[in-house]
Every structure is written in C-alpha cells, then in structure tokens.
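**Q** Take a look at the following structure, please.
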Amino acid sequence: MKFTGLRTRLPVLLALAALMVVAGTVVTPHNLAVAQERPSSISGTVINGTDGAEVPDDLEVVLITINEETGQAVDQETKTVDADGRFSFDGLSNESGQRYTLAADAGAYVPSVNLANVEDWSSVELTIYEEMTSFDDISFISYAMIVPSIDPRTRTLGVLTVVTLLNSGDRVLVTDPSSPDVTGFDLLRFNLPENYSELEIESDLPPGNVMEINTGFALTNPVPPGEHSVLMNYIQQYEGDALSFPLRLPYGAETVRIMMPEAIGSVSGANLTETGTAPIGESSYKVFEGTGYERDSQVNVEFDGLPGPTLIQSTGDWFSGRSYITALVWTAGAAMLAMLAFALYTNRRKPSPSTESDGLPTDAEETLPHNGAGERVRLIQEIADLDEQHEAGEIGDDDYAERRDLLKRRVLGLRASDPGSPAS
C-alpha cells in the first residue's frame, strides 16, 4: 500500500518530516543516482550474514535491467556463484534510460542492490541470512505519532505514525502466511484505535502483504537484521472531546512519542510526560514522551480536550441532515396545537361589551400566552454571529464570553417563561 499522506497537504508533509526526525529515522530516496561513468561489467560477492552459515553452492544471482521511464523489467540475466560466492556479469549495455538491479535468489528473503546507488561496480556485496520464525530479536526502538490534522466539524483526526523497529539478531524473520496455523500473533503486528479508516502503509522492508487483524494490521514482510521503518497514516473518529487508544507494544519500545497541536488537547498515559514543544512549519506541537516499555506492555493513551463543532458548524450540519426535516414536522405540529389551544382559550373568555377595546378585552393582553419563538430565533442568530466574529478574531475572549453568556441567559429566560416552548 502506498503512503500518500493526508490529502498531500504541505503542513502534513512538514509534520511527517519532523516526526521522522523525532523518531530518529532517515529515509533516503531509492532512486538517488550517484554521478558516475557507467561501466560495462559488474562483479561482486554474496555473503552469508548468519554466524557459522555458508553460501549455498547453487545460489543464483540475477541482474535485472529496468526501463527508467516505465519502471518495468525489460531483461534479466542469471549467474550461479562460485565456491567463494563470487559472481560477474559482462557486456552491459550503456544505453540511456535503463538502470540495473542485482538480486540474490535466497528464498523468502531476496536481498537486492540498486546499482544506481553504487559507485564501485567491481566489488558489489549481497548479504543473505538464514531464516527464523521467532520474534525474540524483534523490538521497537521508537513509536512516534503526530496529529497534524483535526476537523472539529466531523470530530476527525488525521494521524501519522512512524515505527522504527530493530532485528538485533543475525537471521531474517520470515513467516508463511499460507500456512493454516498462522495467526496474527505469528506476524509483525501493529494495533490501531477503534473506528479508524483510510489506512495507508509504507515501509523499507522487503516486499510483503498487509493483513487486517482484530486490533489493527499485520505485515508478512521478511525482517532482515538491522533497523527498519514502518510508516502509517489513517483517519480517526472520536466522540465528545476525548479519545482512548489502548496502544499495545508486543515487542516493547525504547521510546513512545506523541505530538499534538500546542493549542489543542492533551495526552496522558503510562509513563508519558510532556517534554516541551516542537515547531513544524508555522505551527507548534506539544511533545509527550515515555521510555522503557517492556515487551507485551500496553499504554492506555488518553486524548483529552479535543475540539468539537462550533454553533455555526453544528447548525449547518443540522440543516443539511434528516433531523432538519423531522424538526420541521414537529414544529408545524406544535404550532397547530398552540393555535388550537389559543382558540379554545379565547372561546372561554368571551369579551363583555364593557371591557372591549379595539376588539380585545383590556386584560387579554396580560393573559394571552406569550409567543417567544421569533425572539429566540433572533437571539440564537446573534449568538451565531458573535461566534463567527470571535473565530475571526474581531472580538476579544473576555468580551466574547460576557456577551455570549448574556445572550444565552436571555434565551433560557424565554424558554422558562414560554408555556409553548419545548423542554430543553
């Protein structure tokens, strides 16, 4: 799955870059060409990186010719290594628009080298490893998460995460996803919060597949010795102003870092403390960090103080939904009931000739039911206008709070005095 970022916005890309710096991860473009005069031959050696293991006698090395414009393989040549693991390819074409990749056919893990990144084509090395299925040597060096995008209207977070993992052994971790006995526990697994969507993943691991599991996803990619990075982004829904994320760390973690916009929300969890702020573009992010998490531990991360929609946004969403139609029907019905009640009331209080004044009894003005619907609509509109002015920075916080509280009390006062007003 290709990692494309959230809507590919510049702030998100800046956030990703900063997150990878915080996570201690450096990504080098795979197609970074080294300026060179391309030779007509290639030679090198296959090495077995597992202690005490040897290179198989029948191991084959494949030279693949790739069309740079299409990215497709257009030719390949295969050689078997000699007793010392050496190989060579001669008579290479110097045709422009082509590049070469070397790969060793070593089983589930196929090490490869993009020769565009190699200066010396006379001593290329390919390292193979013996296989293992145990996760004992697998650990997380860093789990770094950032929230660069928040939509209060829909209560949605955009989340970017970079996991730096380590295979500290000298064997390559491989799994067989076709085996009927394989479960999520037999794969490299990562958990996610509930109600996530639009998950996108990329890693620098050898090719593999993504498998959905109950707690998130798992990878079938081989994991050779050394450090590797897994990048993920997704959309996350939350309710109210909070989100709970039971972050499971099956391989432990030296460091967990979570970054939130400085003016929005807070984060808490086992051993997590706020360590300062980090600037990203024109924004500043609070950094929450914890260290020393054991294998199979869980950090119950709590996000609090998340924003919700303003009154204007809520009103807009309300008018665009089915609830608006339902409310119109209810209001029409209530109005008809009010008119009926008023007719019954006036019929019971027939005016006497001695008390009539312009067709109404003088005391009727005091006893008629008070209809404050129009006044409530006007006051609510004033509150909406006030919210909009405050969001635009035209009104200070103190003045805004005082005026909004006054308008709110007036609305509540109308409701309390209006017998026809629906209960709050």
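Start counting the sequence shown at 542; every next residue gets the next number (this note's numbering). Note that beta-carbon positions come from the ideal geometry of N, C-alpha and C, so glycine has one too.
1) Relative to the C-alpha of A645, which residue among L656, F630, Q639, T668 is closest?
2) Could you compute how far the alpha carbon of G817 sits from the alpha carbon of G810?
3) Output needed for L643: all residues of its chain with C-beta closer than 8 Å, excluding positions within five of it in sequence on either side, in chain order.
4) How far does the beta strand (DSSP E) with I742 in it reach, from first residue to last?
5) Counting beta carbon pairs with one atom in the segment 700-708 and one in the segment 762-781, are three or more of them shorter than 8 Å?
6) Taking the beta strand (DSSP E) that R730 belongs to, which residues open and close that run?
7) Nearest to M800 by CA position, among D717, Q777, Y826, is which residue?
8) Rounded to the nearest angstrom, how far is the Cβ of R798 from that of A685, given a contact under 8 Å?
9) In terms of alpha-carbon separation, which member of M752, S738, T716 lies closest to F731?
10) For my contact list, Y670 and G590 are in at a C-beta cut-off of 8 Å; report their separation, rounded to the angstrom.
11) Please state the DSSP three-state secondary structure of E943.
12) When you compare only the Cα positions, how much space is there between L760 and V622?
13) On the DSSP bridge assignment, give the partners of V771 in chain order.
14) Between the Cα of T702 and those of V713, P734, L728, R696, spot the shortest distance and give me the residue it belongs to.
15) Do L813 and G831 count as a contact pair if the criterion is CB distance below 8 Å?
16) Expressed to the nearest angstrom, what Euclidean distance is found between the alpha-carbon atoms of T619 and L788?
17) Could you tell me the alpha carbon to alpha carbon distance between T776 and I691, rounded to whole angstroms?
18) Measuring alpha carbon to alpha carbon, tell me which residue in L790, P597, N635 is nearest Q839.
19) G846 and S807: beta carbons closer than 8 Å?
20) Roughly how many angstroms lie between the CA atoms of R699 and S824, to the nearest whole one?
21) Measuring alpha carbon to alpha carbon, tell me which of F681, D677, V587, I936 ends up nearest G710.
**A** Reading off the structure:
1) T668
2) 16 Å
3) I583, G585, V602, V603, L604, I605, S653, V654, L656, V665, L667
4) 737-744
5) yes
6) 729-732
7) Y826
8) 5 Å
9) M752
10) 5 Å
11) helix
12) 32 Å
13) V704, S744
14) P734
15) yes
16) 46 Å
17) With the sequence shown as reference, residue 776 is identified as Ile, and Thr is not the correct amino acid for it. Rounded to the nearest angstrom, the two C-alpha atoms are 10 Å apart.
18) L790
19) yes
20) Per the sequence shown, residue 699 should be read as Gly rather than Arg. Roughly 16 Å between the two C-alpha positions.
21) D677
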